[in-house]
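Asks: This note's numbering puts the first residue of the first sequence at 40, with every later residue one more than the last. Have a look at this one.
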Amino acid sequence: MSQVRLRFAPSPTGYLHVGGARTALFNWLLARKLGGTFVLRIEDTDVARSTQESVDAILQGMEWLGLDWDEGPFYQSDNFPLYKEHVDRLLAEGKAYKCYCSSEELEAKREKALAEGRKPKYDGTCRKLETDVPGKPFVVRFKAPLDGVTAFDDLIKGPISFENSELDDLIIQRSDGTPTYNFVVVVDDASMGITTVIRGDDHVNNTPRQILLYQALGSPVPRFAHVPMILGSDKTRLSKRHGATSVMAYRDMGFLPEAMINYLVRLGWSHGDEEIFSREELIEKFTIEAVGRSAGVFNTDKLLWLNAHYIKSGDPERLATLLLPFLADRGVDPSMGGPALPTVVRTLQERAKTMLELADGAVFYYTPLPLFDDEAIAKHVKPETAGYLQSLATALETAADFNHDAVEVVFKEVCAGLGIKMGQIGPAVRIALCGGTVSPSIYEVMEVLGRDESCRRLSRAIARFSA
RNA sequence: GGUCCCAUCGUCUAGCGGUUAGGACACCGGCCUUUCACGUCGGUAACAGGGGUUCAAGUCCCCUUGGGAUCACCA
């Protein structure tokens, strides 16, 4: 058991989106690989924007992906006394100070600076204040160094450094007494003993301020790894307008969690020429250093390909269970009768890219009277077709066995006897059994449907085709 | 605008000074085939530009260009 401690710290203001899922995955993977601890922390200091629904949605997303945590979830809203304590300590040590500038004043200064082409950073008005101003509202600012350099060696991006003169005195406590993000993150990561912080690279600019805070607090600075963003097809930040961004939306669109995991990890990380990784392989092969430095475009086609792979190679029993809700959406309940679902899945899984397609393909098995596709009938049913089907049905009724191979033999014998080719009868049989022109092999379908049901569907079609 | 980051096929990437620049998705063909798929074989397609360093640069350095992130009493 190593001492490595990692964390995923989402703010509950929405669903778990694919970008967040990926950073959670990287944290989880590293923790599992190194035998470390994975902590889940909910960053809900913004009480107004945080909701319980979001917390639930995030946990649900993590569970669906199979990213289990060892500690937590911890809520920052439970830690306010701890943050206050640290603010007071910094204040007492002269490492922070009270600032009485109103937000209106600051806003005005910021706009003026911007208008004059200067940097909009705090001018330090209250930094020199010697005494408190009783009765006046204040925020607490961290007293940042005026010169020098703050640098760190990012596990993904390499050495990064900032001039301290570029940083200003950030607010660590609001006028209402609540702490701000950059401060609580540091206090929590320090108190939870986080050794490696893996997060989105939109945080690199926050890192130097946080390092300064660790130092002021007298806590060891963790290692940082900033993972690149996920982009949409037009290379801008991935958003709803590029399609779904919520992890759970992908489940609803028929994706398997293992496909999502495999896709997410390969977006920005690779291991030679390998594309397919099981969870175990990932834990064995993943290294944070091999994560790429540049942003990547989310590509649904590749996700779809991976999903197809996992459906194709998946366990029919498990797929059957996962398929139930999708079938229910289509008004199908296999427990009410019909062939066993795993058997049905077996005939469909190599041609479905999503669970939606799998469900669509399964419906006809459970529909006693499939709706005939008129267009297909017009194209494939000829005057002589009904007669062919009758011959086939008769032969089928009396066949010794009724399985894929036996049915195939009967088909061939009937065709030979009739002097026709498979193509002259196959499409019509498919319509008779399934209603349309797309389905698994008709031998397979017959075996799954069984002799009685197959013949019943054939008779019904013969009646229809002779009319 | 300041600061920071990034840059190999359309997309995800391999490459860690010497390669016919490899793989995967997508796309286009052939094969397989009773449908749709699967599978299989093959093909199109990239080092952003310019300077250096070096016998040798996609690989190292600098500049340009182009993207992105961030500059809140949000996280």
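Every residue gets a Cβ at the ideal spot worked out from N, C-alpha and C, and that includes glycine. It should be emphasised that the depicted structure is a prediction, and the values quoted were computed from it without experimental measurement.
May I have the straight-line CA-CA distance separating Gly74 from Met101, to the nearest angstrom?
Replies: Position 35 of the first sequence, counting from 1, holds the residue named residue 74. Position 62 of the first sequence, counting from 1, holds the residue named residue 101. For Gly74 and Met101, the distance between alpha carbons rounds to 19 Å.
Asks: Throw me the rounded Cβ distance for the Ile470 and Phe411 pair, which I believe falls under 8 Å.
Replies: As a first step, residue 470 is located in the first sequence; it is residue number 431 there, counting from the start. As a first step, residue 411 is located in the first sequence; it is residue number 372 there, counting from the start. The pair is a contact, with the Cβ atoms about 6 Å apart (cut-off 8 Å).
Asks: Going by beta-carbon coordinates alone, are Phe65 and Asp109 separated by less than 8 Å?
Replies: Here residue 65 refers to the residue found at position 26 when the first sequence is read from its first residue. Here residue 109 refers to the residue found at position 70 when the first sequence is read from its first residue. No, the pair does not count as a contact, with Cβ atoms beyond the cut-off.
Asks: Give me the residue from Gly353, Arg46, Glu436 and Arg290 with the minimum Cα distance to Gly111.
Replies: What you label residue 111 is simply residue 72 of the first sequence in a count that begins at 1. When only C-alpha atoms are compared, the closest one is Arg46.
Asks: Should Lys274 go down as buried or exposed, given a rule of 16 or more other Cβ atoms within 10 Å for buried?
Replies: Here residue 274 corresponds to residue number 235 of the first sequence, with the count starting at 1. Classification of Lys274: exposed, given that the 10 Å Cβ count is below 16.
Asks: DSSP three-state label for Gly462, please.
Replies: Here the question's residue 462 lines up with position 423 in the first sequence. Three-state DSSP puts Gly462 in a helix.
Asks: Secondary structure at Gly133, three-state DSSP: helix, strand or coil?
Replies: Along the first sequence, read from residue 1 onward, the residue named residue 133 stands at position 94. It is coil, neither helix nor strand.
Asks: Residue range of the beta strand (DSSP E) that Leu303 falls in?
Replies: Here residue 303 refers to the residue found at position 264 when the first sequence is read from its first residue. No beta strand (DSSP E) contains Leu303, which is instead part of the alpha helix (DSSP H) from Pro296 to Arg305.
Asks: Reducing DSSP to helix, strand and coil, say where Gly197 ends up.
Replies: Residue mapping note: residue 197 aligns to position 158 of the first sequence, counting from 1. In this structure, Gly197 counts as strand in the three-state DSSP scheme.
Asks: In the DSSP assignment, what residue or residues form a beta bridge with Trp308?
Replies: Numbered from 1 along the first sequence, position 269 holds the residue referred to as residue 308. According to DSSP, Trp308 bridges with Val330.
Asks: Below 8 Å, can you find three or more Cβ-Cβ pairs linking the region 454-465 to the region 362-379?
Replies: With a cut-off of 8 Å, the region 362-379 and the region 454-465 do not count as touching, because too few Cβ pairs lie within range.
Asks: Can you tell me which of the three DSSP states Thr235 falls into?
Replies: Locating residue 235 in the first sequence gives position 196, counting from the first residue. The answer is strand: DSSP assigns Thr235 an E or B state.
Asks: If you draw a straight line from the alpha carbon of Gly474 to that of Gly456, how long is it in whole angstroms?
Replies: Counted from its first residue, the first sequence places residue 474 at position 435. Counted from its first residue, the first sequence places residue 456 at position 417. Each residue's Cα considered, the two are about 26 Å apart.
Asks: Anyone know if the C-beta pair for Thr284 and Val57 falls short of 8 Å?
Replies: On the first sequence, position 245 is the one that residue 284 refers to. On the first sequence, position 18 is the one that residue 57 refers to. Contact: yes.
Asks: Would Leu342 and Phe294 be called neighbours here (beta carbons separated by less than 8 Å)?
Replies: Along the first sequence, one-based indexing puts residue 342 at 303. Along the first sequence, one-based indexing puts residue 294 at 255. Yes.
Asks: Please state whether DSSP places Cys140 in a helix, a strand or coil.
Replies: Position 101 of the first sequence, counting from 1, holds the residue named residue 140. Three-state DSSP puts Cys140 in coil, outside helix and strand.
Asks: Starting from Thr508 and walking both ways along the beta strand (DSSP E), at which residues does that stretch end?
Replies: Any question about residue 508 goes unanswered here, given that the chain covers just 40 to 506.
Asks: In or out: Leu408 buried (at least 16 other Cβ within 10 Å) or exposed?
Replies: Your numbering for residue 408 matches position 369 in the first sequence. The residue is exposed, with fewer than 16 neighbouring Cβ atoms inside 10 Å.
Asks: For the region 183-202 against the region 316-336, are there 3 or more C-beta pairs whose distance is under 8 Å?
Replies: Touching, yes, given that three or more Cβ pairs across the two stretches are closer than 8 Å.
Asks: Report whether the distance from the Cβ of Pro159 to the nearest heavy atom of the ligand GTP is below 7 Å.
Replies: Among the ligands in the structure shown, none appear at all, so the ligand GTP cannot be discussed.
Asks: Helix, strand or coil, according to DSSP, for Ser285 in the structure here?
Replies: As a first step, residue 285 must be located in the first sequence, where it is residue number 246. Three-state DSSP puts Ser285 in a strand.
Asks: Can you tell me whether Val188 is buried or exposed? The criterion is at least 16 other CB atoms within 10 Å of its CB, across all chains shown.
Replies: Working through the first sequence from its first residue, we reach residue 188 at position 149. That one is exposed.
Asks: At what residues does the beta strand (DSSP E) containing Ala379 begin and finish?
Replies: As a working mapping, residue 379 is identified with position 340 in the first sequence. Neither: Ala379 is in no beta strand (DSSP E) and is coded neither H nor E.
Asks: What is the rounded straight-line gap between the Cα of Phe181 and the Cα of Ala135?
Replies: Counting from 1 along the first sequence, the entry for residue 181 is found at position 142. Counting from 1 along the first sequence, the entry for residue 135 is found at position 96. Approximately 4 Å, taken between the alpha carbons.
Asks: What three-state label does DSSP hand Ala359 in the structure shown?
Replies: The residue labelled residue 359 in the question sits at position 320 within the first sequence. Of the three classes helix, strand and coil, the one that applies to Ala359 here is helix, per DSSP.
Asks: Given a cut-off of 8 Å on the beta-carbon distance, is the pair Pro261 and Thr219 in contact?
Replies: For the purposes of this step, residue 261 is taken as the residue at position 222 of the first sequence. For the purposes of this step, residue 219 is taken as the residue at position 180 of the first sequence. Taking 8 Å as the Cβ cut-off, Pro261 and Thr219 do not qualify as a contacting pair.
Asks: According to DSSP, is Thr62 part of a helix, a strand, or is it coil?
Replies: The sequence position of residue 62 within the first sequence is 23, counting from 1. If DSSP states are grouped into helix, strand and coil, Thr62 belongs with the helices.
Asks: In angstroms, rounded to a whole number, what distance separates the CA positions of Gly510 and Ile233?
Replies: In this structure the chain extends from 40 to 506, so residue 510 is not present and cannot be described.
Asks: So what does DSSP say about Asp192, is it helix, strand or coil?
Replies: As a first step, residue 192 is located in the first sequence; it is residue number 153 there, counting from the start. Looking at Asp192 - three-state DSSP - the assignment turns out to be strand.
Asks: Once the 5 residues before and after Phe177 are set aside, which same chain residues still bring their CB inside 7 Å of it?
Replies: Counted from its first residue, the first sequence places residue 177 at position 138. Cβ within range, chain order: Lys137, Cys138, Tyr139 and Ser214.
Asks: Could you have a look at Leu395 and say whether DSSP puts it in helix, strand or coil?
Replies: Sequence index remark: in the first sequence, residue 395 carries index 356 (1-based). Note: Leu395 maps to helix in three-state DSSP.
Asks: Excluding sequence positions up to five away, which residues of its chain have a Cβ less than 6 Å from the Cβ of Leu106?
Replies: Taking the first residue of the first sequence as 1, we reach residue 106 at position 67. So the list reads Ala63 and Trp67, once near-sequence residues are dropped.
Asks: Alpha carbon to alpha carbon, what distance is there between Ala502 and Ala359?
Replies: Indexing the first sequence from 1 puts residue 359 at position 320. Indexing the first sequence from 1 puts residue 502 at position 463. Ala359 and Ala502: Cα-Cα distance of roughly 34 Å.
Asks: Kindly indicate which three-state DSSP category Tyr161 falls into: helix, strand or coil?
Replies: Here residue 161 is taken as the residue at index 122 of the first sequence, counted from 1. It is coil, neither helix nor strand.
Asks: In the structure shown, what three-state DSSP assignment does Val86 receive?
Replies: Against the first sequence, residue 86 aligns to sequence position 47. Reduced to three states, the DSSP call for Val86 is coil.
Asks: Quick one: Cα of Ala417 to Cα of Glu423, how far?
Replies: To locate residue 417, count along the first sequence from 1; it is residue 378. To locate residue 423, count along the first sequence from 1; it is residue 384. Near 13 Å, if we compare the C-alpha coordinates of Glu423 and Ala417.
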